[in-house]
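Participant:
In my numbering, the protein residues as written are 33 to 735.
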């Protein structure tokens, strides 16, 4: 029977998937103003999120849900430093392994250091560019509220990027079509309603001011005297509005069809009023850091969106669960489609993305490099390598900053930052400064690029950064003469952020990643005809073993109470990444990993985890030959494993969306379908119980 099932799956996978049918059976439909169900359009470097009206009409109402953000890769802002803070005021000296090392951390006192640290955490921050919404008046002349929006039916079609929003106000129908341009930072909107001719429907544009807070949802309409906005150019069918605030200046260009006028209703609040007695109004809105003279029309934007999304869905990987009788198959497929849509519009720009993408700020809008793996490796596994490479050039741009960080701490090579800004400058963090698991990520990215075609061009392109990454890794490992082994730490916080850096050493996952990363870097030298580097081999040969106790892997050698201290059974169970995210290494005992998996599965405090923990667990289950557990992990009924109607991975009241969860989910699915380098079965992550019919094409194996 098992042979027959394998045969059926193999034959079906050779039949081309009807990609359009798969995508369109997961259209998103909203019938009420659910603040967690807002929808977005965009292109990877720009995203625009709308409410049930198809625009950003009620940003305050949605502020605590998935906010109505407008963000771009270039939109950054800093408040003016009137004090003269110096970055070295954020540095604190630690004595670790017999020498002094400085880390940029958060201070509680003295007050000057605290304020300096807070300044560099806060600045620069990602900017909310503006709110473009409808201005609809009731018969009595008052503006509508969200409660006045009736008969809602809003639909997102991921195949075309179209959002069609239908609703009524006092019995009058309104239909709005919204598209994002495939290349430009622009949205196009078409509105159809008798309210237009009645002068009761207009379009407004509001410019908020940055909050400078950990989060910024783009609804700070206070502090109106701290920034300037005005109409710079006004033509019959076009207007350019300049927005100036502190260190940032940018332009918003509005273009419409027919007659309309633009007026400033109040500070930072502009209204576009259609003048024709017509029931249709078309408008385009483009944001730009430089003054420009024209913007694509609605029709051009619509065509760009349709063509761009058709091209996206028609290439790369695809998965189809049609015919599966497991009732969970439909939900898995929904998450696959919507996660691809969301990561395409939120995570494909010239910088590593922030964890909340281009919707709203978390951690001041800054990217976290340890999360870049979760955001981006799926692009390579889904055979869209170019989308991964969009952000890899950034590492070359910030290389000098990474070198400076390593040198300041007494290491060689380049130490990749954890929390950073667009220029690669480190942001103070009492946790992030001690993380190291982001370090081998670049080697992983580069190896995925090489595996695509195994050509020398990729080796030449990325070799310097691969070697600098490995140089730091080798110099970071400390030789303990008493053990005769190289040690990671002290002065480290593992991916499971529950341990004190001054006390922690030899975290299991990081040890395995160090071994894998240095081994691959040596392979790169050999592929290029270069000799192996002796310093790297020295560390590889004498690297500490993975710490065990009672037949299972500990989180770290310094934590013998990894599974008895309740606090250590929360947060990321990152020890699973040792043989899940990573392939087998010579350090690994597979039987010990199986026992570790069982212990974590049965005793972990899953309610206190994050969205990428579930795909990581699924990866480990797949490598262990436990496909039932792999599927169970992806659909574990835990709050942080919630996927909202719009496809976003919900975490909590702070993080209403969490794109590392979406990206990790896609990486896990690719592995569960296409497998990994030494996988012995087809579709290794899916049960062979007759309930799963798994068709896929265009996926790549995981290392």
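Don't be surprised by glycine CBs; every beta carbon is placed ideally from N, CA and C. Quick caveat, the model's predicted, so the values are computed rather than measured.
Below 8 Å on the Cβ atoms is my guess for residue 472 versus residue 548; work out the distance and round it to an integer in Å.
Facilitator: Residue 472 to residue 548, Cβ: 7 Å. Contact.
Participant: Looking only at DSSP bridge pairs, what is residue 352 linked to?
Facilitator: 727.
Participant: Between which two residues does the alpha helix (DSSP H) containing residue 345 stretch?
Facilitator: Unbroken alpha helix (DSSP H) run through residue 345: 330-346.
Participant: So, is residue 734 buried or exposed, given that buried needs 16 or more other C-beta atoms within 10 angstroms?
Facilitator: Buried, by the Cβ-count rule.
Participant: By how many angstroms is the C-alpha of residue 545 removed from the C-alpha of residue 620?
Facilitator: Taking the straight line joining both Cα atoms gives about 11 Å.
Participant: In whole angstroms, what separates the C-alpha of residue 421 from that of residue 528?
Facilitator: One C-alpha to the other measures close to 28 Å.
Participant: Tell me, to the nearest whole angstrom, how far the beta carbon of residue 578 is from that of residue 540; I am working on the premise that it is less than 8 Å.
Facilitator: Between residue 540 and residue 578 the Cβ distance is about 5 Å, and since that is below 8 Å, they are a contact.
Participant: Pick out whichever of 486, 92, 248, 286 has its Cα sitting closest to the Cα of residue 266.
Facilitator: It is 286.
Participant: Which term fits residue 62, buried or exposed, when burial requires 16 or more other beta carbons within 10 angstroms of its beta carbon?
Facilitator: Per the 10 Å Cβ criterion, buried.
Participant: Out of 165, 431, 124, state which residue places its alpha-carbon closest to the alpha-carbon of residue 101.
Facilitator: Nearest of 165, 431, 124 to residue 101, Cα basis: 165.
Participant: In whole angstroms, what is the alpha-carbon distance linking residue 758 and residue 411?
Facilitator: This structure gives no information on residue 758, because the portion of the chain shown stretches from 33 to 735.
Participant: Does residue 510 come out as helix, strand or coil in the three-state DSSP assignment?
Facilitator: Here residue 510 sits in strand by DSSP.
Participant: Assign residue 175 to buried or exposed, taking buried as 16 or more other Cβ atoms, counted over all protein chains shown, within 10 Å of its Cβ.
Facilitator: Exposed, since its Cβ has fewer than 16 Cβ neighbours within 10 Å.
Participant: In three-state terms, what does DSSP make of residue 734?
Facilitator: If DSSP states are grouped into helix, strand and coil, residue 734 belongs with the strands.
Participant: Quick one: any contact between the segment 630-639 and the segment 561-572, if contact means 3 or more CB pairs under 8 Å?
Facilitator: Counting Cβ pairs under 8 Å, fewer than three are found: no touch.
Participant: Tell me which residues share the same chain as residue 353 and place their Cβ nearer than 8 Å to its Cβ, disregarding the 5 neighbours each side in the sequence.
Facilitator: Contacts found: 361, 362, 364, 365, 724, 725, 726, 727.
Participant: Nearest to residue 346 by alpha carbon, out of 213, 106, 52?
Facilitator: Looking at the Cα atoms, 52 is the closest of the given residues.
Participant: Could you spell out where the beta strand (DSSP E) holding residue 313 opens and where it closes?
Facilitator: Residues 312-320.
Participant: Please report the distance separating the alpha-carbon of residue 526 from that of residue 348.
Facilitator: For residue 526 and residue 348, the distance between alpha carbons rounds to 34 Å.
Participant: Which class does residue 260 belong to by DSSP, given the choice of helix, strand or coil?
Facilitator: In the structure shown, residue 260 sits in a strand (DSSP, three-state: E or B).
Participant: In three-state DSSP terms, what is residue 167?
Facilitator: Three-state DSSP puts residue 167 in a strand.
Participant: Let's see if you can read the secondary structure: which residues bound the alpha helix (DSSP H) around residue 409?
Facilitator: Counting along the chain, the alpha helix (DSSP H) containing residue 409 begins and ends at 404-413.
Participant: Can the beta-carbon of residue 520 be found less than 9 Å from the beta-carbon of residue 538?
Facilitator: Yes.
Participant: Excluding the 5 residues flanking residue 81 on each side, which residues of the same chain have their C-beta closer than 6 Å to its C-beta?
Facilitator: If we look at residue 81 and ignore the five residues flanking it on each side, its Cβ neighbours are 70, 72, 100, 101, 391.
Participant: Which runs of the alpha helix (DSSP H), 4 residues or longer, sit entirely within the segment 533-609?
Facilitator: Listed in chain order, the complete alpha helix (DSSP H) runs (minimum 4 residues) inside the segment 533-609 are 540-559, 566-574.
Participant: For residue 313, which residues of its own chain have a beta-carbon under 6 Å away from its beta-carbon, when the five flanking residues on both sides are left out?
Facilitator: Only 223, 228, 306 meet the Cβ criterion.
Participant: From what residue to what residue does the beta strand (DSSP E) around residue 276 run?
Facilitator: 270-277 is the extent of the beta strand (DSSP E) around residue 276.
Participant: Shortest alpha-carbon distance to residue 659 belongs to which of 703, 289, 96, 424?
Facilitator: Selected option, being the one with the closest Cα: 703.
Participant: Does the beta-carbon distance from residue 251 to residue 240 come in below 9 Å?
Facilitator: Contact: yes.
Participant: Going by the CB atoms, is the gap between residue 624 and residue 595 shorter than 9 Å?
Facilitator: No. Outside cutoff.
Participant: Under 8 Å: do the segment 476-492 and the segment 155-162 share three or more Cβ pairs, one atom per stretch?
Facilitator: As far as the Cβ criterion goes, the segment 476-492 does not touch the segment 155-162, which means the pair count is below three.
Participant: Let me check understanding here. Comparing Cα to Cα, which of 637, 569, 572, 191 lies closest to residue 598?
Facilitator: Cα-wise, what sits closest to residue 598 is 637.
Participant: From 662, 369, 684, 661, pick the residue whose C-alpha is nearest to that of residue 671; which is it?
Facilitator: Out of 662, 369, 684, 661, 684 has the C-alpha closest to the C-alpha of residue 671.
Participant: Considering only residues of the same chain and omitting the five flanking positions on each side of residue 448, which have a CB-CB separation below 6 Å?
Facilitator: The answer, listed in chain order, is 401, 434, 470, 471.
Participant: Find out if the Cβ-Cβ distance for the pair residue 729, residue 190 is shorter than 9 Å.
Facilitator: No; because the gap between Cβ atoms is not below 9 Å, this pair is not in contact.
Participant: Let me check one thing: in DSSP terms, what residues is residue 504 bridge-paired to?
Facilitator: Beta-bridge pairing links residue 504 to no other residue.
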